[in-house]
Ligand code: PMT
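Residue numbers (the numbering used here): 3 to 401.
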C-alpha cells in the first residue's frame, strides 16, 4: 500500500483516452490512495461520471456552480485536500488554460487554487502536440514545476501516427508511486543477483533458473531513489541498469570474494542471488568422457555469502536476505533470519507458477523480529520499488 493516506484528485478532460481513467482510479486505490475525480464537460462525452463514482467510491465533481456539490466538498476545499493532482488525459485546451491561469471551469479553478503538485498526462493529435504554441505551453508549465508525464507515441484514434497518445494507465500509476516514494538520503547499496555456476569440467556446470530479474529490478529501483549501487552479478542476459556499478562473477566462491571485499564500504546489503549451496569438490581439467553408465560428482559446501557479511564485526552493512521456499515459507524464512543474523528477510514461494525464478512477476513477504509485511503479486519492477521503500524504513530506524 505505497499510496496509503495519499489524497489524489484525478482531473479528466475531453479526450478519447478518458476511457482508461477507471483503470487509473482502480490501480491508485489498489495502492491505498483516496481518489476524487473532477471531470470537464468535454470528458463526459467519453465516459460517464457514474462509472467514475462507482470505481472511486467518491462523488464526482464536474461543476463549479453546483451548490449541492459545493456544499459537500467545495472547489477550494478540494484544492486544499489534494496531495497530488493528476490531469489525465490532458487536452491541448486544458493545458493552454492552465498555462494562462484561467479559471473557467472546475478543474482549471482547482489548479489555480491549489498548492499541491500537479502532474499532466498530455493526450492529443500529434499535429496539435507539435504545434509551437502547445510546445510553449508545456515547456512553460514544466518550468513552473508541473510534472509532464508523456505523451507516448504510436497510432492515434484519428488514424495519425506520432507523439501525442496518453501514456498507459499503469505507467501513470507507476509514476504516481514513484512521485510519493521517499527520496532516500544518499545511501550505498550492495546487491547480489542472478545464479552462480559451479563447474564440473571445462564445458559443464551446475546452476539454477535464476534470471537476475528480481535483483536487477531492485538495483534499478534503489538507484532511482538516490542510492549508489554495486551489483555483484552471476551470469545473466540482462542489461546493466543505468548508473549501477556491476561486477560480474561466475561461481559462488567468486561472488563470495567480491561481495566480502565490497561489503564494508556499503550501508545496505541485499542478497538476492540464488547461490549454489554446493560445488563439485574437484573440477576436471579436461572434458569428462562418457565411459561409464553412471557418474558420481562429489560436492562440497560453498561459503555462505550472506551469513559471512552479516557476521562482520567492523563496518557491517544492514543485511537483507532472500528466502526461496517451496513449503512452510514463514518457518524456513524466520529460521534463516535468525541463523544468519539478518535484519530483514524477503521470502518468496517459488513453487507458485508465474512468480519466483525466471518470471516477470513475484510476491514477497518481509519478516523481521516480531513483524511481517506482505507485498502481493506484482511485476518485479513494481515490487522492487516497494521493497526498497520498506527496507529504507527499517534501515532508517536502525541507523
Ligand atoms: O533471479 P530471478 O529469476 O528474478 O528470481 C528471483 C529469485 C527467486 C532468485 C529471488 O527472488 C530469490 O529468492 N533469491 C534467493 C534465492 C536463494 O538462494 O534463496 P535461499 O533461500 O537458498 O538462500 C537464502 C539467502 O542466502 C539468500 O539471500 C541467498 O542469496 C543467500 N545465500 C545462500 C547461499 C550462499 N552460499 N550464499 C548466500 O548468500
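The beta-carbon is built from N, C-alpha and C at its ideal position, and this holds for glycine as well.
Nothing here was measured: the structure is a model prediction, and the numbers come from that model.
Can you tell me the Cβ-Cβ gap for residue i and residue j, rounded? I've got them flagged as a contact below 8 Å.
| i | j | result |
| --- | --- | --- |
| residue 189 | residue 269 | 5 Å |
| residue 389 | residue 220 | 6 Å |
| residue 143 | residue 100 | 7 Å |
| residue 13 | residue 87 | 6 Å |
| residue 402 | residue 243 | What the structure shows of the chain is the stretch from 3 to 401, and residue 402 is not part of that stretch, so it cannot be assessed. |
| residue 10 | residue 37 | 5 Å |
| residue 350 | residue 326 | 6 Å |
| residue 123 | residue 102 | About 19 Å separates the two Cβ atoms, so there is no contact after all. |
| residue 328 | residue 353 | 4 Å |
| residue 193 | residue 217 | 6 Å |
| residue 323 | residue 292 | At roughly 40 Å, the Cβ-Cβ gap does not stay under 8 Å, so residue 323 and residue 292 are not in contact. |
| residue 364 | residue 387 | The pair is not a contact, with the Cβ atoms about 13 Å apart (cut-off 8 Å). |
Considering Cα atoms alone, identify which of the options is closest to residue i.
| i | options | result |
| --- | --- | --- |
| residue 30 | 58, 44, 48 | 58 |
| residue 360 | 210, 132, 161, 349 | 210 |
| residue 302 | 291, 69, 254, 67 | 254 |
| residue 344 | 288, 369, 174 | 369 |
| residue 24 | 169, 138, 49, 151 | 49 |
| residue 264 | 244, 314, 281, 284 | 314 |
| residue 237 | 227, 259, 223, 214 | 214 |
| residue 311 | 258, 252, 123, 228 | 258 |
| residue 304 | 239, 282, 121 | 282 |
| residue 395 | 380, 381, 383, 375 | 375 |
| residue 55 | 27, 399, 68 | 27 |
| residue 289 | 202, 306, 246 | 202 |
| residue 98 | 300, 227, 15 | 15 |
| residue 272 | 328, 357, 224, 65 | 224 |
| residue 39 | 372, 89, 33, 280 | 89 |
| residue 4 | 401, 384, 399 | 384 |
| residue 397 | 357, 194, 321, 365 | 321 |
| residue 300 | 378, 286, 294, 261 | 286 |
| residue 178 | 75, 85, 355, 41 | 85 |
| residue 47 | 373, 146, 346, 64 | 64 |
| residue 180 | 222, 208, 139, 141 | 222 |
| residue 32 | 168, 377, 309 | 377 |
| residue 335 | 358, 308, 357, 367 | 367 |
| residue 228 | 212, 246, 239 | 246 |
| residue 309 | 347, 212, 42 | 347 |
| residue 373 | 401, 339, 149, 134 | 339 |
| residue 212 | 399, 358, 60 | 358 |
| residue 371 | 400, 119, 21, 252 | 400 |
| residue 267 | 191, 149, 61 | 191 |
| residue 150 | 164, 133, 163, 169 | 169 |
| residue 43 | 146, 67, 60, 141 | 67 |
| residue 207 | 252, 146, 226 | 252 |
| residue 22 | 106, 72, 172, 41 | 172 |
| residue 454 | 52, 60, 41, 51 | Since the displayed the chain opens at 3 and closes at 401, residue 454 lies outside it and no answer follows. |
| residue 8 | 45, 182, 76 | 182 |
| residue 132 | 121, 164, 116, 72 | 164 |
| residue 121 | 136, 331, 147, 296 | 147 |
| residue 137 | 105, 119, 94 | 94 |
| residue 41 | 69, 73, 6, 96 | 96 |
| residue 76 | 280, 393, 116, 240 | 116 |
| residue 204 | 296, 284, 331, 307 | 284 |
For residue i, would you say it is in contact with chain B, using Cβ-to-Cβ distances shorter than 8 Å as the test?
| i | result |
| --- | --- |
| residue 163 | Note that chain B does not occur in the displayed structure, where there is just one protein chain. |
Touching or not, the segment 110–129 and the segment 79–88, by the rule of three or more beta carbon pairs under 8 Å? yes
Could you tell me which whole alpha helix (DSSP H) segments of length 4 or greater appear in the segment 312–369? 331–341
Can you list, in chain order, the stretches of the alpha helix (DSSP H) that have 4 or more residues and sit fully within the segment 111–175? 128–132, 134–145
Would you mind listing the beta strand (DSSP E) stretches within the segment 23–63 that are 3+ residues and don't spill past its ends, in chain order? Counting only runs of 3 or more, we get 36–41.
Decide yes or no for the touch test of the segment 194–202 against the segment 271–278: beta carbon pairs closer than 8 Å, at least 3 of them. Contact holds between the segment 194–202 and the segment 271–278, because three or more Cβ pairs, one in each stretch, are under 8 Å apart.
Runs of 4 residues minimum, wholly inside the segment 242–280: which ones carry the alpha helix (DSSP H) assignment? 254–264
With three or more C-beta pairs closer than 8 Å as the rule, is the segment 117–133 touching the segment 157–173? Touching, yes.
With a cut-off of 8 Å, do at least 3 Cβ pairs link the segment 228–243 to the segment 311–325? no
If you scan the segment 200–239 from start to end, which runs of the alpha helix (DSSP H) of 4 or more residues do you find wholly inside it? 215–226
Which whole runs of the beta strand (DSSP E) in the segment 369–394 are 3 residues long or more, in chain order? 373–381
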